[in-house]
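Residue numbers (this note's numbering), protein chains in the order written: chain A, 578 to 903; chain B, 711 to 1076; chain C, 22 to 382.
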Amino acid sequence: MPELTLVEAINLALARAMEEDANVVVLGEDVGVNGGVFRATVGLQQRFGAERVIDTPLAELLISGLCVGMAAQGLRPVGEIQFMGFLYPCIDQLVNHASRLRNRTQGRLSCPMVLRTPHGGGIRAPEHHSESTEAMLAHIPGLRVVMPSSPERAYGLLLASIRDPDPVVFLEPTRIYRAAKGQVEDTGEALPLDVAFVLRQGRDVTLISWGAVVKETLAAADELAAQSIDAEVIDLATLKPYDEETVVASVTKTGRCVIVHEAARTGGFGAEIAALIAERGLTSLLAPIARVTGYDTVMPLPRLEQRYIPSVARIVAATHKVCEFA
Amino acid sequence: MRQFLLPDLGEGLEEAEIVTWHVNEGDRVVVDQPLVSVETDKAVVEVPSPWSGQIARLFGAKGDLIKVGAPLVEFAEGERGDTGTVVGELGQEEKAHREVAAPAPAPARTLQVLPAVRALARKLDVDLNLVQATGPGGTITRADVERAAKSLAEAGPAEPLRGMRRAMAQRMAAAHTEVVRTTVTDEADIEDWQKGEDVTIRVVRAIAAACRAEPSLNAWYNAEAGERRLIKRVDIGIAVDTEGGLIVPVLRNVGERDARDLRAGLDRLRADAAARSIPPEELRGATITLSNFGMIGGRFANLIVVPPQVAIIGAGRIDQRVLVHNGAPAARRVLPLSLTVDHRVVTGGEAARFLMALKADLERAS
Amino acid sequence: MADEGLPVIARFEVHRRSYLAPDGTVLRPLPDFASDMSKLLALYRGMVLTRAFDLKAVSLQRTGRLGTYAVSLGQEAVSVGIASAMREEDVLLPSYRDNGTLLWRGTKMEEILLFWGGDERGNLSSGPAHDFPYCIPVGSQAPQAAGVAYAFKLRKEPRVAVCLFGDGATSKGDVWEAMNFAGVHKLPLLFVANNNQWAISVPLKLQTASQTLAQKAIAAGFIGEQVDGNDVIAVRAAAEEAIAQARAGGGPRLIEALTYRLSDHTTADDAARYRPPEEVQTRWKEEPIARLRAYLVSQKAWGKAQEEELAAECQKEIEAAIERYLASSPRAPETMFDHLYAELPRAYASQRGELSRGSDA
């Protein structure tokens, strides 16, 4: 089986989707001739033509609005926004239209679109290229928000997102575009949306994460194992709607929980998970729920960015505190 | 209100039939805006508005005949209210809620317990207030609960405090937090007392004498106002131990009554106390208190001053002791005395002087 | 100009189209369809019905039986003229002031009332299923129109997307981005700028310094035409031409329909706060229904009997629709969840259950 990087897995999934369904259309800046600034769409225009792989003008709002119109007409557009930092002009089309087209037409029209964008920092990029504001999107009724953490899950979840009849924002962790490698076969098999993946079973504490920091979380679990703390690691994968059952079942079992996300702390998606656990798992808790997150600041420029992103050491320390609580 | 009358439409017509209205009551219209189409012999004619304004009333419905010169439309005076929006409706002002600033909360002693541990305590029937916490930040751990469960299994059943015991618990707690106690002790040599001397009455009269000598201990202190009242009359609270618990009925005006009267009064109070028939007013208004605990046992004690009083005297067990008397060791009967005062109000000197006066009075021969 | 010798490398022209003067007299030879009186009568009826319906809707709002409503008083020719040039398979992306277009294309009056009365089922319109519903965020339908038109082009379908918006919308990036893209890809897309001179209280001169809205198309690489929006014959003619061209692969066009908003912005607005009544009074003289009526009468194609009959017909139709609207009951609250996603995710089933049990907890 070939070993692919995460971005190669995305490319594979896009090609597969376009092959299977003539309605799938890719659009964005530099996606055609250039194959995308991260090479996520490399080779697609050569294979499927410029009509289906469109180099759009520099206009993010347009890209998202085009997706809404195309999707309403039965195409399956996959728009690319070059960085999450440039997603914000799309908020109008995502919130006011894509997420609610089905509802406001009572099913007469629907919006099966995907908007893909690189997520998160740690690539020594200039300002505005390291955003992680997934919590904002996860708040919107009618949207799906998906974030893979491995090449296998990137392939399977992107296929699922493209085939899904509702709008999906697909956030791709930039930091592990090339760093993550995995065995990915082009089976055309999708992974389920709305389902969390238990990457590591454990008895003592539940670690919940998504995106690039799943890598650090798994590394922390290894370190903890050497210290006789048996951690269960969950990759949430779909943030909206998320797999409440898996989260609650795990915390009921372990009684302790640490949530890890790169995004800023306050109002970060970890807060929603903590609230859910407090609602449905309170009597199982043996320690307060901990969150290891980015700080409530703008992600700093490259010299300091590694101090912002949750490190293995921070995750291990927080887990110790939780396990030694009482 | 201005009325617009149907104008002369020409050609000698006297009336016209309303075909269709183009405006509603309540509409704002401008000059020349078509108000209504009416039918004459020849044609359907639009009647334009003569003024700008708001339509208050339309006269006639479709099919009605309106005479020339008769009212067609009535205009309202005045402006339409500003809705303050372009969509939806803004609600009218309701009565504003009065915001009442909450008083500063008393610091509560909250139990730090995790829900799982709380559930365990419930299961083991452990009162969390009895558990000693050893967890971080004063948290009660599972181990703490289990330990408490074990101890409680070996203790007697829980017994709620009722009645006098409950009142005592509350009163003592309150006194403890307020009063700054200091105690000074001594012994009175009562070898020279007559046989059969009425000890309690002798003591209360000695207290009255001491109050005359040092009036500052027969007083009430109002801590909030920072005021002290020296009181002339000496009303002594006598601590009485009953089956139900401690009560302190008041023997009034000790300074002015003779011994027999005082004894009668005291007996009556004791009887009523034993019978639990003391009226509440007999328990109020003591200016100073005597605890005769020596009748049961013990010599000296650190007593509780009950506000608003500022002093309490303790009479210990009368014993024979070897003292130095007239330069030589001798066996003498002594009455141990304890004086506890509220040092916010009573100085050490005043306390000492009082105690000396008390002792001196007690050491007089009967 | 500093250097007179510099070559001029671009100029532009904007044409203005009109056929009937405000008093109904003919200014120039009428287009072909105008010789078919039945077509003109249909346009007239469409405008009269729209206005009568609007009026009734306002009185429902004033009596608390309808929510905020936007009438199109004075703009009926734009709504009806554009609609009449479209085919059923074309896709309409309206604003929120295009009820005349919706009615022409088959939306029922009670559906319009149901929507503005506060029920999403109003958007389950009886018009073409592929038409977009009202668009409240101004101009945001424009990029969507470009997406729709792109789909037609990709699938090689002879269909056209028609995007209606107002003068205010032309200040938004959305509209520019859509026009720009439509020009690059020669999309089968008609943009109609319904220039009623006012964006709530902001007059055109504060909206843009451009002499016309039509010329904004030139920057996007295609033709922009100005049309007397109160002349329904001109509106229809311009739309027919633009749509035919788009359908044939000739690319997009922008029509600026010059008209005037004779009413308040919505039933909650009071335009007297910001514009003088004298101005409105003057503009009434140019209104579209009287204009066409004058022409029809001059052609002996219309008279009092027909006017009466039409008024009665409209009233009957409208009353019946209102009755059906008022008789409708609200949806069960749990239906809020029914079209949230294609399939309701498990995570939200309990919330739906709460609503269906009627509990608030």
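Ideal Cβ placement from N, Cα and C applies to all residues, glycine included. Only a predicted model underlies this, so the values are computations on that prediction, with no experimental measurement involved.
Three-state class that DSSP yields for residue i in the structure shown
| i | result |
| --- | --- |
| Gln764(B) | strand |
| Tyr885(A) | helix |
| Ala235(C) | coil |
| Thr764(A) | coil |
| Glu725(B) | strand |
| Glu708(A) | coil |
| Asp291(C) | coil |
| Asn611(A) | coil |
| Asn932(B) | strand |
| Ala841(A) | strand |
| Glu246(C) | strand |
| Cys156(C) | coil |
| Ile998(B) | strand |
Residue of the options minimising C-alpha distance to residue i
| i | options | result |
| --- | --- | --- |
| Leu113(C) | Gln96(C), Ala166(C), Phe74(C) and Leu70(C) | Ala166(C) |
| Arg38(C) | Asp152(C), Ala263(C), Arg108(C) and Cys156(C) | Ala263(C) |
| His821(A) | Ala773(A), Val745(A) and Tyr872(A) | Sequence check: residue 821(A) is Glu here, not His. If we check each option's Cα against that of Glu821(A), Ala773(A) comes out closest. |
| Ala333(C) | Gly1007(B), Ile765(B), Lys772(B) and Leu715(B) | Lys772(B) |
| Ala780(B) | Glu727(B), Pro825(B), Gln822(B) and His732(B) | Glu727(B) |
| Ala731(A) | Arg833(A), Ala715(A), Leu748(A) and Asp771(A) | Leu748(A) |
| Ala675(A) | Leu784(A), Pro725(A), Pro742(A) and Gly699(A) | Pro742(A) |
| Tyr65(C) | Pro366(C), Gly324(C) and Ile133(C) | Gly324(C) |
| Val645(A) | Pro666(A), Phe660(A) and Gln670(A) | Gln670(A) |
| Arg1009(B) | Ala1025(B), Val1016(B) and Leu1000(B) | Ala1025(B) |
| Ala238(C) | Gly85(C), Phe74(C), Glu198(C) and Ala342(C) | Glu198(C) |
| Tyr155(C) | Ser116(C), Ala104(C) and Lys193(C) | Ser116(C) |
| Pro149(C) | Arg176(C), Leu87(C), Gly187(C) and Arg108(C) | Arg108(C) |
| Arg685(A) | Ala342(C), Ser146(C) and Asp195(C) | Ser146(C) |
| Met690(A) | Arg629(A), Val610(A) and Ile739(A) | Ile739(A) |
| Leu51(C) | Ser59(C), Tyr40(C) and Asp119(C) | Tyr40(C) |
| Met724(A) | Ala826(A), Asp812(A) and Leu784(A) | Asp812(A) |
| Asp902(B) | Pro959(B), Asp737(B), His1035(B) and Pro744(B) | His1035(B) |
Sequence-distant residues of its chain with Cβ nearer than 8 Å to residue i (five each side left out)
| i | result |
| --- | --- |
| Asn251(C) | Pro43, Gly95, Ala98, Leu279, Thr280, Tyr281, Glu307, Glu308, Pro309 and Arg312 |
| Thr89(C) | Gln82, Trp137, Thr287, Thr288 and Ala289 |
| Arg875(B) | Gly954 and Gly955 |
| Lys777(B) | Leu716, Glu724 and Glu725 |
Inter-residue CB distance, residue i and residue j (contact presumed, cutoff 8 Å)
| i | j | result |
| --- | --- | --- |
| Leu961(B) | Ile946(B) | 5 Å |
| Ala1067(B) | Val894(B) | Not quite, the Cβ-Cβ distance comes to about 13 Å (not below 8 Å), so this is no contact. |
| Gly847(A) | Ala808(A) | About 17 Å separates the two Cβ atoms, so there is no contact after all. |
| Leu643(A) | Gly204(C) | The pair is not a contact, with the Cβ atoms about 14 Å apart (cut-off 8 Å). |
| Pro758(B) | Asp774(B) | Not confirmed; about 19 Å, so no contact. |
| Ser747(B) | Val733(B) | About 11 Å; that fails the 8 Å criterion. |
| Ala1038(B) | Gln1030(B) | Going by Cβ atoms, the distance from Ala1038(B) to Gln1030(B) rounds to 16 Å, so no, they are not a contact pair. |
| Leu210(C) | Pro158(C) | Not a contact, Cβ separation roughly 19 Å. |
| Pro879(A) | Arg701(A) | 4 Å |
| Leu62(C) | Asn680(A) | With 8 Å as the limit, Leu62(C) and Asn680(A) do not qualify as a contact, their Cβ atoms being about 40 Å apart. |
| Pro298(C) | Val740(B) | 5 Å |
Beta-bridge partners of residue i, as assigned by DSSP
| i | result |
| --- | --- |
| Thr893(B) | Thr1050(B) |
| Pro750(A) | His696(A) |
| Asn215(C) | Gly187(C) and Ala278(C) |
| Val754(B) | Glu749(B) |
| His716(A) | According to DSSP, His716(A) bridges with nothing at all. |
| Asp632(A) | Gly605(A) |
| Asp738(B) | The residue asked about is misnamed: residue 738(B) is Arg in this sequence, not Asp. Per DSSP, Gln764(B). |
| Lys777(B) | Glu725(B) |
| Asp812(A) | Phe774(A) and Ser786(A) |
| Ile836(A) | Ile785(A) and Arg868(A) |
Under 9 Å from the C-beta of residue i: neighbouring residues of chain E
| i | result |
| --- | --- |
| Leu853(A) | The question asks about chain E, but that chain is absent: this structure's protein chains are A, B and C. |
Close-in-space but distant-in-sequence residues of the same chain around residue i (CB under 6 Å, 5 per side omitted)
| i | result |
| --- | --- |
| Thr915(B) | What sits at residue 915(B) in the sequence shown is Arg, not Thr. None. |
Contacts around residue i, its chain only, beta-carbon distance under 7 Å, and the 5 residues preceding and following it disregarded
| i | result |
| --- | --- |
| Arg677(A) | Gly719 |
| Asn932(B) | Pro1018 |
| Val827(B) | Ile850, Thr851, Arg852 and Val855 |
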